[in-house]
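Working notes, beginning with the structure itself.
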């Protein structure tokens, strides 16, 4: 009996270790969860993964398919998992943008299921402002989530420095292009969000949208985003054109990165280097909803054409 017990315990430990090694992770069920809702919260198609989930977790289910709140469950760590659908890339390593937050994230649609969005964020200040840094992170996190829940693959290409010299831009180009080639044939766009010093003191988000003058796809991407900003503007004046990149870093990215690129610049409406800005409400949730809507519209335009 003792030897049998040792064998059983050893088998369970071995099975658990092998499951983790093969690409599984553990989560706990919450009150009201069923297998379908548990899988959906992780970004997984319940129909596709239901049988696999049952096979992996049979001993922790009651009546064959009911979850228990006092148990942890193995989830397949697949490419369509939310742990893989939104990642940050730093020094070549991919880390999930969402871990503990996954239980509160619910899928909305598959409208962006063949879309890959690369995000970069920066601020044009020599000294990093803590307020700007916090705001930047909030915008990126919320935007990544809003794109992900519609099925998009989101890559946050991290820029840890307030400014990057032209030689260091090669790293970002290489990081983006490597993944672009892996996702060949999909809708792929690079979205830069730049926060200026005046953004934390302004009553509004004063935005301007830029594109590269040699990219028709980048221009249309910019126009689709700007259209949403115009629909939600506070001022009466409607901006009818997007602007063209002029700084060397963004031009370098536009010329060397493979995805079409658009820049959203947020900052001081009195900046003499920018002809016109659109004033919208200063609410990160609404702001990121607008950007996501612009992406959805641009993607829909491409699908209609095809």
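Residue numbers (our numbering): 1250 to 1555. Yeah, the Cβ is synthetic: ideal placement off N, Cα and C, and Gly gets one too.
For this session: Consult DSSP for residue 1295 and reduce its assignment to one of helix, strand or coil.
Result: helix
For this session: Using three-state DSSP, classify residue 1499 as helix, strand or coil.
Result: helix
For this session: Starting from residue 1513, trace the beta strand (DSSP E) both ways and give me its first and last residue.
Result: 1509 to 1516
For this session: For my contact list, residue 1508 and residue 1425 are in at a C-beta cut-off of 8 Å; report their separation, rounded to the angstrom.
Result: 7 Å
Exercise. Between the stretch 1380 to 1397 and the stretch 1315 to 1326, do three or more beta carbon pairs fall short of 8 Å?
Worked result: no
For this session: Indicate the three-state DSSP secondary structure (helix, strand or coil) for residue 1254 in the structure shown.
Result: Confidence is the limiting factor: at residue 1254 the pLDDT is only 48, short of 50, which leaves the residue's position unreliable, though a coordinate-based value still follows. DSSP places residue 1254 in helix when its eight states are reduced to three.
Exercise. Is it true that the CB of residue 1338 sits closer than 8 Å to the CB of residue 1405?
Worked result: yes
For this session: Indicate the three-state DSSP secondary structure (helix, strand or coil) for residue 1467 in the structure shown.
Result: helix
Problem set entry | Same chain, Cβ closer than 6 Å to residue 1438, five either side skipped, listed in chain order | 1366, 1470, 1508 and 1509
For this session: State buried or exposed for residue 1436, treating a residue as buried only when at least 16 other CB atoms are found within 10 Å of its CB.
Result: buried
Exercise. Considering only residues of the same chain and omitting the five flanking positions on each side of residue 1278, which have a CB-CB separation below 8 Å?
Worked result: 1287, 1316, 1317, 1318, 1320 and 1322
Exercise. What residue does the alpha helix (DSSP H) around residue 1430 start on, and which one ends it?
Worked result: 1418 to 1431
Exercise. Nearest to residue 1515 by CA position, among 1433, 1330, 1455 and 1305, is which residue?
Worked result: 1455
For this session: May I ask you to verify whether the stretch 1394 to 1405 touches the stretch 1355 to 1369, counting CB pairs closer than 8 Å and requiring at least 3?
Result: yes
For this session: Flag this pair as yes or no: are the beta carbons of residue 1483 and residue 1530 separated by less than 8 Å?
Result: yes
Problem set entry | Boundaries (first-last residue) of the beta strand (DSSP E) holding residue 1274 | 1273 to 1277
Problem set entry | Three-state class that DSSP yields for residue 1265 in the structure shown | Reliability fails at residue 1265, whose pLDDT of 44 lies under 50, so the model's placement of it is uncertain and no value is given.
Exercise. Where does residue 1435 fall in DSSP's three states?
Worked result: coil
Problem set entry | Inter-residue Cα distance where the pair is residue 1467 and residue 1458 | 11 Å
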